[in-house]
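Reading the sequence shown from the start, the letters are residues 46 to 216 in the numbering used here.
Where is the CB? At the ideal position from N, CA and C, for every residue including glycine.
Just so we're clear, the structure is a prediction, and the values are computed from it rather than from any experiment.
Written below as structure tokens is the structure these notes are about.
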Amino acid sequence: MLADLFEVKETTDKGKGLYARQLVPMGTIICFESAGYRIIPAEEYETMSDLAKEHVYQRVDGTYLAPSDDSKYFNHSCNANVLDSRLGFDIVVRDIKKGEEVTYDYRAFSFKEMECHCGAKNCCGFLTYEHPAPEKLRLFWAKKVDSALRQVNKVEQPLGEKVRYRIGVTE
Ligand SMILES: C[S@@+](CC[C@H](N)C(=O)[O-])C[C@H]1O[C@@H](n2cnc3c(N)ncnc32)[C@H](O)[C@@H]1O
Ligand SMILES: [Zn+2]
């Protein structure tokens, strides 16, 4: 389930992408896998066209998942503004300005190996996947996610009750 804060627009060189309709502050929980996301059996995945595979990712447990919402339009950045928290949801790790592209780090799961055009200073150039991810990358993510988690109760949470239920906060 993706928070209703984004719109799909054409990027200059990566097909479609997701853009913030308003400022989305660090600490905002914007997405989690929901029941509507379809688990695709490996045998079915093997028969899918490359085009259909574009919106399917492989989780670290090996299963394939097809999001049913606009989260399928997340493009990758090696310095993403949204990361997998490892707590069952994706979190904004630095303020995303209105009109800015929302990006995710595909290396948290598996997708196709490809040249990266993210333009970040720390761009890896070519995307490959390793699980667990290299220590340097895990530390890079962990630092950002930790700082963002400290903001969770200080910013408005658009997924509201659904997030509280998800992360087990009862108060
Ligand atoms: C999950 S889709 C993302 C949405 C996609 N842009 C679209 O129009 O449907 C993944 C595809 O987006 C493009 N893409 C995403 N991030 C990219 C990046 N950092 N560099 C180059 N291409 C990227 C690649 O074509 C990739 O196969
Ligand atoms: Zn990159």
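Helix, strand or coil at residue i [DSSP, three-state]
i: Arg-83; result: strand
i: Gly-170; result: coil
i: Val-127; result: strand
i: Ser-122; result: coil
i: Thr-92; result: helix
i: Asp-135; result: strand
i: Glu-180; result: helix
i: Glu-175; result: coil
Per DSSP, cross-strand counterpart(s) of residue i
i: Ala-65; result: Phe-51
i: Pro-110; result: Note on residue identity: the sequence assigns Leu, not Pro, to residue 110. Partner(s): Ile-84, Tyr-102.
i: Tyr-149; result: His-121, Val-127
i: Met-46; result: Per DSSP, none; premise fails for Met-46.
Other residues of its chain near residue i: CB distance less than 8 Å, five sequence neighbours each side excluded
i: Val-138; result: Met-71, Ala-125, Asn-126, Val-127, Leu-128, Lys-189, Val-190, Ser-192, Ala-193
Local Cβ density within 10 Å of residue i, reported as buried at 16 or more and exposed below that
i: Asn-167; result: exposed
i: Gly-62; result: buried
i: Leu-96; result: exposed
i: Phe-134; result: buried
i: Ser-130; result: buried
Neighbourhood of residue i by C-beta distance below 7 Å, restricted to the same chain and skipping five residues each side
i: Glu-99; result: none
Residues near residue i by beta carbon distance below 6 Å, same chain, minus five either side
i: Ser-122; result: Thr-148, Cys-163, Ala-165
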